[in-house]
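Below is one structure; the comments refer to it alone.
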Amino acid sequence: MFLFGIILISLEVSMTDVPAWMFCTELLNKIKVEMVNQALDVLDSEITRKSISISGSTVELPDRPNEVETKLFVLEKIVENADEMQERYTQQSVKIRSNSSPDANQLIAAERAEHLALSVEMIKQRMHSSKVAEAWIGDVSMHVLENSPSCILKITSDTPERLKLLHFVLENTTIRKEEVLTQYELDVISAAVNEGKIPQT
């Protein structure tokens, strides 16, 4: 996984030492970065499968972008053309599978097209989620008088997209497996989503 964005250093201090709005800002920034990292992981997987290749550059040294910057550019282009790409890959698969007797190579091509369509959807979703989290940061920073992170998230999760993002984070196996967020951070999100008991520090 790429370590993209701001490195957040975890300090062994009580959460009460951090203003609630600042805690939410850092939490949403971590989510924003993680969504981009997951999109990069999907892209890397397709590069490994040789379904996508990146070669060449129109930028001369020393201004040539590094590997991560290049891949971020590719991700943006995929998002920009996602609907067209998904339609094309889906049509390819349907055409092959509508054949009464497709051979092994054709079936492999159909599976590759279906996998690419799914990967494009995952990239589009992760990149969109990153932008949702980024836009959200400004809103939580306005609640400087609120002392509960969960309350701030609950108050500002006032759109379906934001609620959907919180649910997605809680259900995301990668975030839990790789411990991207602490258990306390997950508890804060859970309390905001479920209107449950606010976690104690």
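When we follow the numbering used here, the leftmost residue of the sequence shown carries the number 73, and every step to the right adds one. Note that the Cβ used here is the ideal one computed from N, Cα and C, for glycine as well. Note that the coordinates shown come from a computational prediction; the quantities given were computed from them, not determined experimentally.
Between the segment 218 to 232 and the segment 175 to 193, the count of C-beta pairs closer than 8 Å stays below three; the two stretches do not touch.
Counting along the chain, Leu-253 sits inside no alpha helix (DSSP H), nor does DSSP assign it H or E at all. The Cβ neighbour count for Lys-102, taken over all protein chains shown within 10 Å, is at least 16; the residue is labelled buried.
In this structure Trp-93 does not touch Val-192 by the C-beta definition: roughly 36 Å separates them, more than the 8 Å allowed. Rounded to whole angstroms, the gap between the alpha carbons of Ser-173 and Leu-179 is 10 Å.
Take the alpha-carbon of Asn-138 and the one of Phe-240: they are about 30 Å apart. In terms of CA proximity to Leu-144, Leu-115 leads the group Ile-247, Leu-115, Val-265. In this structure Ile-168 is not in contact with Ala-176, their Cβ atoms being roughly 11 Å apart against a cut-off of 8 Å. In this structure, the beta-carbon distance from Met-199 to Val-108 falls below 8 Å. Taking 8 Å as the upper bound for CB-CB distance, Ile-261 and Leu-242 are in contact here, some 6 Å apart.
DSSP places Leu-99 in the helix class (H, G or I) of the three-state scheme. Put simply, of Lys-149, Cys-223, Pro-221, Leu-237 the residue whose alpha carbon is nearest the alpha carbon of Ala-207 is Leu-237.
With 16 or more other Cβ atoms inside 10 Å of its own Cβ, Thr-97 counts as buried.
Shown here, Arg-198 sits in a helix according to DSSP, grouped into three states. For the set Gln-197, Ile-126, Gln-164, the Cα lying nearest the Cα of Glu-152 is the one of Gln-197. Going by C-alpha positions, Pro-232 is about 13 Å away from Ala-205.
For Asp-155, the uninterrupted alpha helix (DSSP H) segment begins and ends at 154 to 169. For Gln-164, same chain residues with a beta-carbon under 6 Å away, outside a window of 5 residues either side, are Ala-185 in chain order. Contact between Thr-246 and Gln-110 holds: their C-beta atoms lie close to 6 Å from each other, under 8 Å.
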